[in-house]
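So the sequence lines, in the order shown, correspond to chains A and B. Residues in the first sequence are numbered from 1 upward in steps of one, following my numbering. Residues in the second sequence are numbered from 200 upward in steps of one, following my numbering. The beta carbon of each residue, even a glycine, is placed where N, CA and C say it ideally should be.
2 protein chains.
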Amino acid sequence: MQFSSKLIEEAVNAFAGLPGIGKKTALRLVLHLVQQPKEDSIYFARAIADMREGIQHCITCGNLSDQHVCSICRDERRDQSLICVVESIRDVMAIEDTQQYRGLYHVLGGIIAPMEGVGPTDLNIDTLVGRAKHPDVQEIIMAISPTIEGETTIFYISKMLDELDVTVSKIARGVSFGGELEYADEVTLGRSLVARTSL
Amino acid sequence: MQFSSKLIEEAVNAFAGLPGIGKKTALRLVLHLVQQPKEDSIYFARAIADMREGIQHCITCGNLSDQHVCSICRDERRDQSLICVVESIRDVMAIEDTQQYRGLYHVLGGIIAPMEGVGPTDLNIDTLVGRAKHPDVQEIIMAISPTIEGETTIFYISKMLDELDVTVSKIARGVSFGGELEYADEVTLGRSLVARTSL
Numbered sequence: 001m002q003f004s005s006k007l008i009e010e011a012v013n014a015f016a017g018l019p020g021i022g023k024k025t026a027l028r029l030v031l032h033l034v035q036q037p038k039e040d041s042i043y044f045a046r047a048i049a050d051m052r053e054g055i056q057h058c059i060t061c062g063n064l065s066d067q068h069v070c071s072i073c074r075d076e077r078r079d080q081s082l083i084c085v086v087e088s089i090r091d092v093m094a095i096e097d098t099q100q101y102r103g104l105y106h107v108l109g110g111i112i113a114p115m116e117g118v119g120p121t122d123l124n125i126d127t128l129v130g131r132a133k134h135p136d137v138q139e140i141i142m143a144i145s146p147t148i149e150g151e152t153t154i155f156y157i158s159k160m161l162d163e164l165d166v167t168v169s170k171i172a173r174g175v176s177f178g179g180e181l182e183y184a185d186e187v188t189l190g191r192s193l194v195a196r197t198s199l
Numbered sequence: 200m201q202f203s204s205k206l207i208e209e210a211v212n213a214f215a216g217l218p219g220i221g222k223k224t225a226l227r228l229v230l231h232l233v234q235q236p237k238e239d240s241i242y243f244a245r246a247i248a249d250m251r252e253g254i255q256h257c258i259t260c261g262n263l264s265d266q267h268v269c270s271i272c273r274d275e276r277r278d279q280s281l282i283c284v285v286e287s288i289r290d291v292m293a294i295e296d297t298q299q300y301r302g303l304y305h306v307l308g309g310i311i312a313p314m315e316g317v318g319p320t321d322l323n324i325d326t327l328v329g330r331a332k333h334p335d336v337q338e339i340i341m342a343i344s345p346t347i348e349g350e351t352t353i354f355y356i357s358k359m360l361d362e363l364d365v366t367v368s369k370i371a372r373g374v375s376f377g378g379e380l381e382y383a384d385e386v387t388l389g390r391s392l393v394a395r396t397s398l
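Encoded structure:
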């Protein structure tokens, strides 16, 4: 790609460095910004820079936050006896969107994946064990993806919590609500039969 | 989407304001930036802001440029007798990438599209007529998409240039090089038969 402008070239390269954005898409985005009012692009750039300067991990749960302790951990109306363990901040957002959970979270920052060189010490597990010792905490809910790595992570963490006086649970697996049975994969369908619940 | 961080929310909204980027993709991009070193995100934001602050339209051809006159118009080694008329800067880049053209450009900034409220006065046509009067200029090449709007634009401009002592040409249309004939659309195939050239 030949650029007549160094400024355009650098902006295109900046966008093309993001995951899933190729050079052509990057150029389209840059030309869009050129056509918008100047303030919009400056606002865009400022939002990114401010976010990256200001964002931090909550020292309690590992969630992304504007402050040392995130808004969820600060919220005293939330149920302090429940801690939901998730892989990433995306999962926190997905669960918050359900509006079905009013407890606290703990963000591991990944799952145990030896093939990718991620071991237990790379994750936020020690701090979870520390939190689980607090007398208020009664249940640790594992909301981890039902994959091999996820199961390994759940198993490892449950072993770490074995000695403590807390219940460890994991979220229910089964066929999706609103999904057609015939489209459910066989493993899910098979397990949901084995793990059937009485009416 | 529930955000525990105002900073993340604003950065996601900034990305989601770009064309073709939804909220989920925007969140993925923002979380990518969070995981990268801080300098990378600051560099990203600066590249966008610098680009938008510094970029201008070349006062001669309308191409995007870092200076008043773009690097192509400034380049005295280029053939000053040829002006290639294109719709947008993207077309300039596409033609430059072919390395088959060493003349100058003229960027219209769009094509005549009455349905979208774009008339001749919204485009860079007056300046083209002005440039065409220069004694050095011998040929105006219309490199406009072969659509209804494109043909209208070509017709309008050729009328404007009628009185002047310049050749007006348009780029060849026909079947694509390397393409299978059976996959060419009928209009292209039909016209390429009518406009056949002798060997």
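Quick check on DSSP: helix, strand or coil for residue i?
i         : result
GLU180(A) : coil
LEU322(B) : coil
GLY329(B) : helix
CYS272(B) : helix
GLY389(B) : helix
VAL12(A)  : helix
ALA94(A)  : helix
GLN234(B) : helix
PHE202(B) : coil
THR351(B) : helix
SER287(B) : coil
ILE157(A) : helix
VAL374(B) : coil
Taking C-beta to C-beta, are residue i and residue j nearer than 8 Å?
i         : j         : result
LEU31(A)  : PHE15(A)  : no
SER203(B) : LEU104(A) : no
ILE48(A)  : MET250(B) : no
ILE157(A) : ILE111(A) : no
ILE59(A)  : HIS68(A)  : yes
LEU123(A) : ILE140(A) : no
GLU379(B) : GLN2(A)   : no
LYS170(A) : ILE148(A) : no
LEU27(A)  : VAL12(A)  : yes
How big is the Cα-Cα spacing for residue i and residue j?
i         : j         : result
ALA132(A) : LYS205(B) : 28 Å
VAL166(A) : VAL137(A) : 7 Å
ILE343(B) : THR387(B) : 16 Å
VAL367(B) : CYS283(B) : 10 Å
GLY219(B) : GLY308(B) : 21 Å
GLN80(A)  : THR121(A) : 26 Å
GLN234(B) : HIS305(B) : 43 Å
ALA383(B) : ALA371(B) : 15 Å
ARG245(B) : LEU217(B) : 17 Å
PRO114(A) : THR152(A) : 10 Å
ILE241(B) : THR98(A)  : 34 Å
SER198(A) : ILE72(A)  : 35 Å
GLU182(A) : VAL175(A) : 10 Å
LYS38(A)  : GLY150(A) : 46 Å
ARG102(A) : ARG78(A)  : 5 Å
GLY329(B) : ASP265(B) : 23 Å
ALA195(A) : MET142(A) : 18 Å
LYS358(B) : GLY22(A)  : 40 Å
SER391(B) : GLY377(B) : 15 Å
PHE243(B) : ASP75(A)  : 34 Å
VAL86(A)  : LEU164(A) : 20 Å
GLN100(A) : CYS70(A)  : 19 Å
GLY316(B) : SER287(B) : 17 Å
LYS24(A)  : PRO135(A) : 56 Å
Based on the DSSP output, what are the partners of residue i in its beta bridges?
i         : result
THR25(A)  : Paired residue(s): none; THR25(A) is not in a bridge.
GLU338(B) : LEU281(B) and THR366(B)
LEU303(B) : ILE282(B)
ALA113(A) : VAL118(A)
Margin query: Extract the residue ranges of the alpha helix (DSSP H) inside the region 237 to 272 of chain B, only unbroken runs of 4 or more that lie entirely within it.
Written below: 237 to 253
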